[in-house]
Amino acid sequence: MAPPRLEILGCPLDRVSMAQTLDIIRGYLKTDSFHLIVTIGSEMIVRAQTDHEFREAVRGAALVVPDSIGAVLAARYGGYPLRERVTGVELTQRLAGELGPSLRVFLLGGAPGVAEAAAHKLLSIGPGIHVAGARDGYFKDDAEVVQQIKESGANVLLVALGFPRQELWLTRYGPDCGVRVGIGVGGTLDVLSGRVQRAPQLFQKLGMEWFYRLALQPTRWRRMLALPKFALRVLSGGKQAVRPLTEGQVQS
Ligand code: UDP
């Protein structure tokens, strides 16, 4: 049964835990169609309010998981608590650790060398997995990339091109890549490759991961302006800013 779906400021969000997300992906891998998974954060929700194409891409996703603390807090504020964040980094690590030989993953995105380094990391987490291919995110010819992924025989495609490009790319080309699952994973490959440090556990627990990232990459400040915008819009919209779209089974 599909998990219950909320809408936060017009953007969907599924009330799933990490374990439930992994189960859902196992199910997708048994099908013969493409499923887009969006790892949604506050910045993305703010973007979706004005970017029609991006909003439609997120709305068309099979699954939208709560990547950021802002999404988790907004859902709780609306009266729909979530069990936990389901971040791109953790989801990728758990896929590698738990799917074993049924995972044939293709990594697309990041600067040259990043996807390959991330692939090595994934192989060390899940020795039984198969890395079908890796390619950097600075390509011009979409059709050639689609062909490469298709020929690789991958069943899961991780795309790290930053939002909204990764979600738009997956919406447009994902179904042609021959994969069952396409996930927009943002900076995940940078973290797995060791190129970017993830915030220490304490920052993550306090919901301050964004602050750590800002301190490490001060050039992100402009992007970070979306965070107070998101908070203000949720708070001023009251409970209306967060509303249920569908019912379903919440995992306890
Ligand atoms: N990127 C890419 N091609 C581009 C632009 C960006 O592969 O044309 C990559 C970039 O190298 C980085 C990722 O996209 O690895 C975006 O990371 P960011 O930290 O912005 O993602 P977030 O997790 O914040 O969405």
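In our numbering, the protein residues as written are 77 to 328.
We put the beta carbon where it would ideally sit given N, CA and C, even for glycine.
Check whether chain D comes within 8 angstroms of residue i, counting only Cβ atoms and requiring the distance to be less than that.
i	result
G202	Here chain D cannot be found, since the structure has a single protein chain.
Beta carbon of residue i, beta carbon of residue j: below 8 angstroms?
i	j	result
Y104	V261	no
V318	G189	no
R159	S118	no
A210	E192	yes
A230	V255	yes
V181	V207	yes
L85	R299	no
R170	I145	no
Am I right that residue i and residue j are in contact with their C-beta atoms under 8 angstroms? What's the rounded C-beta distance?
i	j	result
V221	L184	7 angstroms
V114	V140	5 angstroms
G186	A236	5 angstroms
L112	A138	6 angstroms
E243	P80	Not really, about 22 angstroms apart at Cβ, beyond 8 angstroms.
What residues match up with residue i in a beta bridge as DSSP calls it?
i	result
T115	V141
F182	G209 and L233
E227	Beta-bridge pairing links E227 to no other residue.
I84	C87 and V318
G260	V114 and V235
Does any heavy atom of ligand 2 sit closer than 7 angstroms to the C-beta of residue i?
i	result
K197	In terms of ligand content, the structure shown lacks ligand 2 and carries ligand 1 instead.
task = Mind listing which residues have their beta carbon within less than 6 angstroms of any non-hydrogen atom of ligand 1? Chain order is fine.
result = G185, G186, A187, G213, Y214, A236, L237, G238, F239, G262, G263, L265 and D266
message = List, from N- to C-terminal side, the beta strand (DSSP E) runs of 3 residues or more that fit wholly inside the stretch 150 to 200.
response = 180 to 185
inquiry  = So within the stretch 257 to 309, which uninterrupted alpha helix (DSSP H) runs reach at least 4 residues, ignoring any that extend past its ends?
reply    = 264 to 268, 277 to 281, 285 to 292 and 297 to 300
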